[in-house]
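Since the structure comes first, as structure tokens, the remarks are kept for the end.
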Amino acid sequence: EPEVTQTPSHQVTQMGQEVILRCVPISNHLYFYWYRQILGQKVEFLVSFYNNEISEKSEIFDDQFSVERPDGSNFTLKIRSTKLEDSAMYFCASVGQGQQPQHFGDGTRLSIL
Amino acid sequence: AQSVTQLGSHVSVSEGALVLLRCNYSSSVPPYLFWYVQYPNQGLQLLLKYTSAATLVKGINGFEAEFKKSETSFHLTKPSAHMSDAAEYFCAVSVRTDKLIFGTGTRLQVFP
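Protein chains in written order, with my numbering: chain A, 1 to 113; chain B, 1001 to 1112.
Structure below.
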């Protein structure tokens, strides 16, 4: 069965550095999402992306965050200047045309030092 | 707007006992509802989904959930718990291809 793949599985970064989290959604999917889960807390929506533009973003997704689909397969989340509170598990998800449910990757654990 | 409430952050059952994890939702339009399971240090795995077809939904690993519009509930059940069911369970609501709104999760412990 097709899967959403995320790399790296664990990223350790110094505070203030830029980080890029990568995702390869399922190939025929059209809607893409990023979520985050701070340790021990619930999963929170960050941003959704469709037709090469952001369709919705949460209040968490401030100017430090950006998303991009640089080619036909990758979907990236960039954090420009990381803060300690950005430490979390970040999940990518994708959906086909009108076809819930969302399929999740295994996540990237981001640790900010 | 949609929201989800999961009653009980921790549920403990004995192996072989009934599992009941509660989820109530709020939605201004007909919702899609989901249960996801998360094992320690792993991602989110879909257990089952309700997308406006049958109200009793069967999922993987023997779990099922019933959509009750009158009660705005979507509780997850399993007749007989297994040790391998110990995990965090998240209820989520969505509308079409919109974002998922997750509940706060219920940690299920299974005792021998």
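The C-beta atom is built at its ideal place from N, Cα and C for all residues, glycine as well.
Within the stretch 96-107 of chain A, the residues whose Cβ lies closer than 7 Å to some Cβ of chain B are 98, 100, 101, 102, 104, 105, 106 and 107, listed in chain order. A distance below 7 Å separates the beta carbons of residue 11 (chain A) and residue 19 (chain A). The C-alpha of residue 55 (chain A) is placed about 6 Å away from the C-alpha of residue 48 (chain A).
Taking all protein chains in view, the Cβ of residue 68 (chain A) is surrounded by fewer than 16 other Cβ atoms within 10 Å, so the residue is classified as exposed.
The beta carbon of residue 1089 (chain B) does not come within 7 Å of any beta carbon belonging to chain A, so the residue lies off that interface.
Under the 8 Å Cβ criterion, the stretch 95-107 of chain A does not count as touching the stretch 72-87 of chain A, having fewer than three qualifying pairs. With respect to chain B, the C-beta atom of residue 48 (chain A) has a partner C-beta closer than 7 Å. Between residue 1052 (chain B) and residue 1079 (chain B), the C-beta gap is not smaller than 7 Å, which leaves the two residues out of contact.
Nearest CB-CB separation between residue 45 (chain A) and chain B: below the 7 Å threshold. Taking the C-beta atoms as reference points, residue 1044 (chain B) is found no nearer than 7 Å to residue 1035 (chain B). With a cut-off of 8 Å on Cβ pairs, the stretch 1007-1014 of chain B is not in contact with the stretch 1061-1073 of chain B, counting fewer than three such pairs. Annotation: Cβ neighbours of residue 1051 (chain B) in chain A (cutoff 7 Å, chain order): 100.
Residue environment for residue 80 (chain A): exposed (fewer than 16 other C-beta atoms within 10 angstroms of its C-beta). Nearest Cα to residue 1071 (chain B) within the set B:1018, B:1017, B:1098 and B:1027: B:1027. Ranked by Cα distance from residue 1024 (chain B), the first of B:1108, B:1092 and B:1109 is B:1092. C-alpha of residue 64 (chain A) to C-alpha of residue 1090 (chain B): approximately 28 Å in a straight line. Note on residue 1088 (chain B): 16 or more other CB atoms within 10 angstroms of its CB, so buried under the neighbour-count rule.
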